[in-house]
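Worksheet: the structure to be examined is printed underneath.
In our numbering, the protein residues as written are 234 to 401.
The structure is reproduced here in structure tokens:
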């Protein structure tokens, strides 16, 4: 597997693990990173969907994938921290724009999450600028394809969980 594909796999994984945990666990253990605090504009810093659970899951599991892909665990940590930093930056900007948590904003939801780790790992993985662009474009396409599927799956699981809690 080429370094470009390895990095793409790490970025997809780091961004997908928090979503996967939300699908599996719902709101259990989902403590907001911003603690519910508001920025000076009266809006949340990040919003309730950015959690310690998601951040920890990405940072703890992405290094394992890196090792499985033949990379060092430290590359996995850098990829995860870069992807999560991009995600948090995008969330901060979206809150300033008045967008709701989990509301999609084309490119803002994809580019920082792939670009930050790609730039951080450029020298280590010997990536050219064109390879970084490939990672960003490929991640954007993957995200655009998987996000609607994940949303449908989440709604389906919420309905199933809701049915299980109803008293008869």
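Here a beta-carbon is modelled for each residue, glycine too, at the ideal position from N, C-alpha and C. The structure presented is a predicted model; accordingly, all values stated were derived computationally and were not measured.
query = Do you know offhand how far residue 344's Cα is from residue 337's?
reply = 13 Å
request  = Name the two residues that bound the continuous alpha helix (DSSP H) containing residue 413.
outcome  = Outside the displayed span of the chain (234 to 401) sits residue 413, for which this structure offers no information.
query = Mapping DSSP to helix, strand and coil, what is residue 401?
reply = Caution applies to residue 401, whose pLDDT of 35 falls short of 50 and renders its modelled position unreliable; the model cannot decide the point.
request  = Count the other C-beta atoms from every protein chain shown that fall within 10 angstroms of the C-beta of residue 235, then say buried if there are 16 or more, exposed otherwise.
outcome  = exposed
ask   = DSSP beta-bridge partners for residue 265?
value = 284
ask   = What is the DSSP secondary structure of residue 334, counted as helix, strand or coil?
value = coil
key: Helix, strand or coil at residue 256 according to DSSP, with G and I counted as helix   = helix
request  = Would you decide whether residue 349 is buried or exposed? Buried here means 16 or more other CB atoms lie within 10 Å of its CB.
outcome  = buried
task = Quick one: measure Cβ to Cβ for residue 383 and residue 252, integer angstroms, because I've assumed they're closer than 8 Å.
result = 6 Å
request  = Could you tell me whether the segment 259-268 touches the segment 276-287, using the rule of 3 or more Cβ pairs below 8 Å?
outcome  = yes
query = With burial defined as no fewer than 16 other Cβ atoms inside 10 Å of the residue's Cβ, what is the status of residue 402: buried or exposed?
reply = Nothing can be reported for residue 402, as the shown portion of the chain is limited to 234 through 401.
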